[in-house]
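I have placed the structure first, in the form of structure tokens, so that the comments after it can refer back to it.
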Amino acid sequence: MKLESFRAWIRQIYATRDDELTCNDVFELIPKYVDTEVAGDNPVERFPKVAHHLDQCSRCHDLYAGVLEAAELEEREQPETVAAPSVEA
Amino acid sequence: MQRKGSRSNDEWLADLGGEDTRAEALADLRDYLLRAVYVYMDRHREDLSDLGRSELEQMAEDFAQDALLEVLDRLDTFRGESKFTTWAYRFVINVAAGELRLRRWRTLSMEAVVGQEEVTLLHFLSDTAAPDPETAAAREEIAVLMKRVIRHELTERQRIALINVKLRGVPVDVVAEELDTNRNNIYKLVYDARKKLKEGLERRHYSQADVLAIFSRR
Chain A
1 MKLESFRAWI
11 RQIYATRDDE
21 LTCNDVFELI
31 PKYVDTEVAG
41 DNPVERFPKV
51 AHHLDQCSRC
61 HDLYAGVLEA
71 AELEEREQPE
81 TVAAPSVEA
Chain B
1 MQRKGSRSND
11 EWLADLGGED
21 TRAEALADLR
31 DYLLRAVYVY
41 MDRHREDLSD
51 LGRSELEQMA
61 EDFAQDALLE
71 VLDRLDTFRG
81 ESKFTTWAYR
91 FVINVAAGEL
101 RLRRWRTLSM
111 EAVVGQEEVT
121 LLHFLSDTAA
131 PDPETAAARE
141 EIAVLMKRVI
151 RHELTERQRI
161 ALINVKLRGV
171 PVDVVAEELD
181 TNRNNIYKLV
191 YDARKKLKEG
201 LERRHYSQAD
211 VLAIFSRR
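Protein sequence lines, in the order shown, are assigned to chains A and B. Its first residue numbered 1, the first sequence is counted upward by one per residue in our numbering. Its first residue numbered 1, the second sequence is counted upward by one per residue in our numbering.
Next comes the structure, spelled out in structure tokens:
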């Protein structure tokens, strides 16, 4: 393990919280998280627990990144798209 | 690839449920999913470099088809809290992500996913020389402490999940398959392991800043 990887792991260990979301929770929340980001709002502020999970779980982060890419592509190609419905944390 | 203009969420649901509109809506949705998975596969093309164009196209078609079935199966759970297409993309990306990670790992090694309990942190850190003897001793003390927690305070399943996912970089899907469980439970096992490591370090009064300072480049 390289030094930087180890340091990143140490940060993950100390970031451990009592109330973390599961991968299933995050799977359900990713669409709202992504829509918030595509709309130009800050998803980290609106969904801090999702952001925390994405920092801890590379698999869910990869899923998030893939959905975000697709949603951004759709947004770029269809500027007339109806605005996303309002989301709530 | 041609698509109709964008639909609202209500229009998607109405068209997918309408006798006369269903076929066209399904074809459009499939196109959306296919585009999403092509973008994803392009980002991970280094994992697919051994495949030809027709194989890549077939793989993308299969991912989109599998996801389409899953979307239809879960349609009644869509509550309109996000855009319908964003809601649908996660199914196809999830299918593709799982398969690509399994595939990548299988091409590297499917062996020794379990039974790595004796791997030590010192081994992982051996490629990084400490700048001085005092730092070397401090690093070793922390590594020994973490190793002790891993060996004596984690359950076997927590140990296997932590070592393989975090230290060896084995895909979560692979570890889940090996432990006959699911990704959700692997996350929980790694979470419990993290929590015990944090408690173990804090019990010895090591703060995050302390540990990062000891393992900084100086």
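We put the CB at the ideal spot given by N, CA and C, even for glycine.
*Specify whether the segment 60–67 of chain B and the segment 35–42 of chain B touch according to this definition: at least 3 beta carbon pairs, one from each stretch, less than 8 Å apart.*
yes
_Judging by CA-CA distance, which residue of B/LYS195, B/ALA27, B/ASN184, B/ILE142 is the nearest neighbour of B/VAL211?_
On the second sequence, residue 211 of chain B is found 211 positions in, with the first residue counted as 1. The candidate whose alpha carbon is nearest that of B/VAL211 is B/ILE142.
*Closest Cβ-Cβ distance between A/ASP62 and chain B: below 7 Å?*
Reading the first sequence from its first residue, position 62 is the one you call residue 62 of chain A. A/ASP62 counts as touching chain B.
*To the nearest whole angstrom, what separates the beta carbons of B/VAL175 and B/ASN164, a pair I think is in contact under 8 Å?*
By one-based count along the second sequence, residue 175 of chain B stands at place 175. By one-based count along the second sequence, residue 164 of chain B stands at place 164. With a Cβ gap of about 5 Å, B/VAL175 and B/ASN164 count as contacting.
*Between B/ARG30 and A/GLU74, what straight-line distance do the alpha-carbon atoms span, to the nearest angstrom?*
The sequence position of residue 30 of chain B within the second sequence is 30, counting from 1. The sequence position of residue 74 of chain A within the first sequence is 74, counting from 1. Those two C-alpha atoms are separated by around 14 Å.
*Taking just the CA atoms, how far does B/LYS196 sit from B/ARG157?*
Translated into positions along the second sequence, residue 157 of chain B becomes position 157. Translated into positions along the second sequence, residue 196 of chain B becomes position 196. In a straight line, the C-alpha of B/ARG157 is about 14 Å away from that of B/LYS196.
*asked:* I believe A/PRO43 touches A/GLU37 by the beta-carbon criterion, under 8 Å. Please report the beta-carbon distance rounded to the nearest angstrom.
replied: Residue numbering aside, residue 43 of chain A sits at position 43 when the first sequence is read from its first letter. Residue numbering aside, residue 37 of chain A sits at position 37 when the first sequence is read from its first letter. Yes, A/PRO43 and A/GLU37 are in contact; Cβ-Cβ is about 5 Å, under 8 Å.
*Could you tell me whether the segment 4–17 of chain B touches the segment 75–90 of chain B, where touching means 3 or more Cβ pairs closer than 8 Å?*
yes
*Close Cβ partners of B/GLY115 (< 7 Å) along its chain, the five nearest in sequence each way excluded*: Taking the first residue of the second sequence as 1, we reach residue 115 of chain B at position 115. Legend: pLDDT at B/GLY115 = 46, less than 50; position of this residue unreliable, no value from coordinates given.
*For B/ARG53, go through chain A and note every residue whose CB falls closer than 8 Å to its CB, in chain order.*
Counting from one through the second sequence, the residue named residue 53 of chain B turns up at place 53. Neighbours of B/ARG53 on chain A: none; closest Cβ ~21 Å, over 8 Å.
*Excluding five sequence neighbours on each side, which residues of the same chain lie with their C-beta closer than 6 Å to the C-beta of B/ALA67?*
Residue numbering aside, residue 67 of chain B sits at position 67 when the second sequence is read from its first letter. So the list reads LEU33, PHE91, VAL92, VAL95, once near-sequence residues are dropped.
*Would you call B/VAL172 buried or exposed, if buried means 16 or more other Cβ atoms sit within 10 Å of its Cβ?*
Counting from 1 along the second sequence, the entry for residue 172 of chain B is found at position 172. Label assigned to B/VAL172: buried.
*If we ignore side chains and look at the alpha-carbon of each, how far apart do B/ALA193 and B/VAL170 end up?*
Here residue 193 of chain B corresponds to residue number 193 of the second sequence, with the count starting at 1. Here residue 170 of chain B corresponds to residue number 170 of the second sequence, with the count starting at 1. Computed Cα separation, rounded: 16 Å.
*Please compile the residues from chain A whose C-beta is within a distance smaller than 7 Å of the C-beta of B/ARG183.*
Here residue 183 of chain B is taken as the residue at index 183 of the second sequence, counted from 1. Within chain A, the residues near B/ARG183 are CYS23, ARG59.
*Expected contact under 8 Å - CB spacing of A/VAL34 and A/VAL67 to nearest Å*: Position 34 of the first sequence holds residue 34 of chain A. Position 67 of the first sequence holds residue 67 of chain A. Correct: roughly 5 Å between the Cβ atoms.
*Please list, in chain order, all residues of the same chain as A/HIS53 whose beta carbon is under 7 Å from its beta carbon, the five residues on each side excluded.*
Within the first sequence, the letter at position 53 stands for residue 53 of chain A. Answer for A/HIS53: GLU20, LEU21, VAL26, CYS60, listed in chain order.
*When the Cα atoms are used, what is the spatial distance from B/THR135 to B/ARG217?*
Your numbering for residue 135 of chain B matches position 135 in the second sequence. Your numbering for residue 217 of chain B matches position 217 in the second sequence. Cα to Cα, the separation comes out at about 11 Å.
*With DSSP as the reference, label A/LYS2 as helix, strand or coil.*
Start at 1 with the first residue of the first sequence, and residue 2 of chain A comes out as number 2. Three-state result, A/LYS2: coil.
_Cα-Cα separation between B/MET110 and B/THR21, rounded to whole angstroms_ = What you label residue 110 of chain B is simply residue 110 of the second sequence in a count that begins at 1. What you label residue 21 of chain B is simply residue 21 of the second sequence in a count that begins at 1. In this prediction, B/MET110 scores a pLDDT of 42, lower than 50, which makes its location untrustworthy; the coordinate-derived value is nonetheless stated afterwards. Whole-angstrom Cα-Cα distance: 46 Å.
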